[in-house]
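Engineer:
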Amino acid sequence: MTETELIVGTKPWSLAVPADRAVAIQRAPFAAPAASPGELVRDALEKPFHFEPLRRALTPDDHVCVVIDAKLPHLAEMLAEVLKHLESAGVPASAVTVLSPPGSPSAW
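Counting along the sequence shown from 1, when you hit position 27 you're at 437 in our numbering, and nothing is skipped either side.
#1: Among the candidates Glu413, Leu485, Asp471, whose CA atom is the shortest distance from the CA of Val477?
#2: Taking C-alpha atoms, which residue in Ala467, Lys481, His473 lies nearest to Pro511?
#3: Just verifying my parser: in three-state terms, what is the DSSP assignment at Glu415?
#4: State the Cα-Cα distance for the pair Asp471 and His495, rounded to the nearest angstrom.
#5: Below 8 Å on the Cβ atoms is my contact criterion, and I expect Val474 with Ala434 to pass it. Report the Cβ-Cβ distance as a whole number of Å.
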């Protein structure tokens with residue numbers, strides 16, 4: 411038996427795989443992005459996968475709720491880019507709600 415650990419969500423799952431049933435996993439090399447978190451968010455909002463820039467789906471009359479995970483690293487930088495993008499679409503700051511789970515740190 412070969413013991414393998416998978417991360418599912420935030421929890422590890424241990425699996426015991428018989429040696430004759432195990433399959434080797436081939437992964438491409440991974441390099442961390444050279445851009446900052448803010449630049450990555452900006453790029454994702456401008457060029458989403460198989461979609462137009464987010465601003466094209468928004469109108470100045472929209473009300474937007476941004477749901478955050480307060481434990482994310484670089485949250486303030488990433489949130490600032492989201493808010494700039496919404497502003498560029500004409501959505502006023504008064505129409506934006508930022509929502510985090512109860513009890514979350516609010517240092518962002």
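Beta carbons: idealized from backbone N, C-alpha and C, even for Gly. Source: prediction; values computed, not measured.
Structural biologist: According to the data block:
#1: Residue 477 sits at position 67 when you count from the first residue of the sequence shown. Taking only the C-alpha atoms, the option nearest Val477 is Leu485.
#2: Along the sequence shown, read from residue 1 onward, the residue named residue 511 stands at position 101. Checked all of Ala467, Lys481, His473; the closest Cα to Pro511 is Lys481.
#3: Position 5 of the sequence shown, counted from the first residue, corresponds to residue 415. Three-state result, Glu415: strand.
#4: Locating residue 471 in the sequence shown gives position 61, where the first residue counts as 1. Locating residue 495 in the sequence shown gives position 85, where the first residue counts as 1. For Asp471 and His495, the distance between alpha carbons rounds to 15 Å.
#5: Numbered from its first residue, the sequence shown carries residue 474 at position 64. Numbered from its first residue, the sequence shown carries residue 434 at position 24. Rounded, the Cβ-Cβ distance is 45 Å, inconsistent with contact.
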